[in-house]
Amino acid sequence: MFNLAISLLVCALAVVTLYFLAGLNIWYVAIIALIAFAGVYILLMRHVMKKVGDLMEIAQRDIQAGRIEKAVKTLESGYKYGAWQFYVKPQIDAQIGMLLYLRRDFAKAFEFLQKGFVRHWVAMAMLGICYMKRNKTAKMIETFQKATAATKKEPLLWNLYALCLDKVGEKEKAIAAMEKGIKKCGGDEHLEANLQALRVGNRMRMQDYGDMWYQFHLEKPGALIKQQTKAIQGRRKIVRR
């Protein structure tokens, strides 16, 4: 990565200049060289991440305007920064994969989600669901374990993990995942309610998460339309009042 290489070069130059040419004590030289390395690396990292952040903002505007293809191309243009900074490319892959998944282009989304950043929990959850739908239970569990290890305090992630386990017939593992999620999240009413539902053999209730839940496309189209119709009717009643 260029940022790291440049920072190491500056560090080496500092050592050569201060120790071999200026004759300073090696401990002083080491401290100054480390400060130089850290300072240069942080400055370069911030510069690159600002560039990436600017691209994300442009892509977000395209998404809001319904220009998904353009948003994807905008994000792909950020790949060039992957050679400069660690984890830039996986973050972009995760974002693109999520966009394609939202558009129900699951096959293409899967390609990007597999290369996504592990700390992007939404993308990781989508990847886990893709594995479930492909009947790759072991890969599904592995993906959700990585996601929950990286993002421990997200209740919806634990709910999705348990839901997928339950769907593939691993009810006991689903209950264990929910119990672990409650401990990690410090207690959550949705986790606790769904844990109880699993224990008594009832369906988990995910609709309370609203759009955050529906983006994973695990709700049947008919149920989703019914929910949207109900919401529209509710808004009409409010207007009439």
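Residue 1001 in our numbering sits at position 45 of the sequence shown, and the numbers go up by one each step. Ideal Cβ positions, reconstructed from N, Cα and C, are used throughout, including at glycine. Just so you know, these numbers come straight off a predicted model, no measurement behind them.
Give me, in chain order, the residues of the same chain whose beta-carbon lies closer than 7 Å to that of residue i; leave out the 5 immediate sequence neighbours on both sides.
i, result
"lysine 1095", "Tyr1087"
"lysine 1109", "Lys1140 and Cys1141"
"glutamate 1148", "Ile1138"
"alanine 970", "Ile988, Ala989 and Ala992"
"phenylalanine 1066", "Cys1086"
"leucine 980", "Leu974"
"tyrosine 984", "none"
Measure the alpha-carbon distance for residue i versus residue j and round it to whole angstroms.
i, j, result
"methionine 1080", "leucine 1119", "15 Å"
"methionine 1162", "isoleucine 962", "48 Å"
"lysine 1064", "phenylalanine 993", "40 Å"
"arginine 1002", "methionine 1134", "38 Å"
"leucine 1083", "tyrosine 1043", "18 Å"
"asparagine 1158", "lysine 1127", "11 Å"
"phenylalanine 1172", "tyrosine 975", "58 Å"
"threonine 1104", "leucine 965", "38 Å"
"leucine 1069", "glutamine 1047", "10 Å"
"glycine 1034", "alanine 1015", "11 Å"
"glutamine 1041", "tyrosine 997", "10 Å"
"lysine 1036", "valine 1124", "40 Å"
"leucine 977", "alanine 1039", "33 Å"
"leucine 1112", "methionine 1160", "12 Å"
"leucine 1021", "leucine 1058", "In the sequence as presented, leucine is not what sits at residue 1021; that position holds alanine. The straight-line gap from Cα to Cα measures roughly 15 Å."
"glutamine 1152", "glutamate 1145", "11 Å"
"lysine 1092", "lysine 1136", "23 Å"
My output table needs one value for residue i: the three-state DSSP class, helix, strand or coil.
i, result
"leucine 1116", "helix"
"arginine 1192", "Only weak support exists for where arginine 1192 lies, its pLDDT of 41 falling under 50; the coordinates are left without a value."
"glutamate 1135", "helix"
"threonine 1104", "helix"
"asparagine 959", "helix"
"lysine 1095", "helix"
"phenylalanine 1073", "coil"
"valine 1110", "Per the sequence shown, the amino acid found at residue 1110 is glutamate instead of valine. It is coil, neither helix nor strand."
"leucine 1174", "coil"
"valine 1078", "helix"
"glycine 1142", "coil"
"aspartate 1061", "coil"
"glycine 1053", "helix"
"glycine 979", "coil"
Where does the unbroken alpha helix (DSSP H) through residue i begin, and where does it stop?
i, result
"valine 1170", "What sits at residue 1170 in the sequence shown is tyrosine, not valine. Here the alpha helix (DSSP H) through tyrosine 1170 covers 1167-1170."
"arginine 1161", "First-last for arginine 1161: undefined, no H or E at that position."
"valine 972", "It is not in any alpha helix (DSSP H) - valine 972 carries neither H nor E in the DSSP assignment."
"glutamine 1041", "Segment: none, glutamine 1041 is in no alpha helix (DSSP H) and carries neither H nor E."
"aspartate 1010", "982-1020"
"arginine 1155", "1145-1155"
"glutamate 1126", "Element bounds for glutamate 1126: n/a, residue is neither H nor E."
"lysine 1029", "1024-1032"
Please name the residue in the options whose C-alpha comes closest to that of residue i.
i, options, result
"methionine 957", "Asn981, Ile1014, Ala986 and Leu1000", "Leu1000"
"isoleucine 1131", "Lys1036, Asn1150 and Gly1143", "Asn1150"
"phenylalanine 1073", "Asp1164, Leu1154, Tyr1165 and Ala1106", "Ala1106"
"threonine 1099", "Asp1010, Trp1077 and Asp1144", "Trp1077"
"alanine 968", "Asn959, Trp1114 and Ala986", "Ala986"
"phenylalanine 1062", "Trp1040, Lys1045, Tyr1037 and Arg1090", "Arg1090"
"isoleucine 1052", "Glu1175, Met1012 and Tyr1170", "Met1012"
"glycine 995", "Asn959, Ala1027 and Val1028", "Asn959"
"tryptophan 1114", "Thr1093, Gly1009, Asp1010 and Gln1101", "Gln1101"
"tyrosine 1165", "Val1124, Met1054, Leu1116 and Ile1019", "Leu1116"
"alanine 1027", "Ala1039, Met1054, Gly1038 and Val1004", "Met1054"
"aspartate 921", "Asp1144, Leu1031 and Gly1022", "Residue coverage of the chain in this structure runs from 957 to 1197, which leaves residue 921 outside it and unanswerable."
Excluding the 5 residues preceding and the 5 following residue i in the sequence, name in chain order all residues of the same chain whose CB lies nearer than 6 Å to its CB.
i, result
"lysine 1006", "none"
"aspartate 1122", "Ala1130"
"tryptophan 1169", "Met1162"
If we define contact as Cβ-Cβ less than 7 Å, is residue i a contact residue for chain B?
i, result
"glycine 1038", "Checking the listed chains, one finds no chain B in this structure; it contains a single protein chain."
Tell me which residues share the same chain as residue i and place their Cβ nearer than 8 Å to its Cβ, disregarding the 5 neighbours each side in the sequence.
i, result
"isoleucine 982", "Tyr975"
"aspartate 1018", "Ile1024, Lys1026, Ala1027 and Thr1030"
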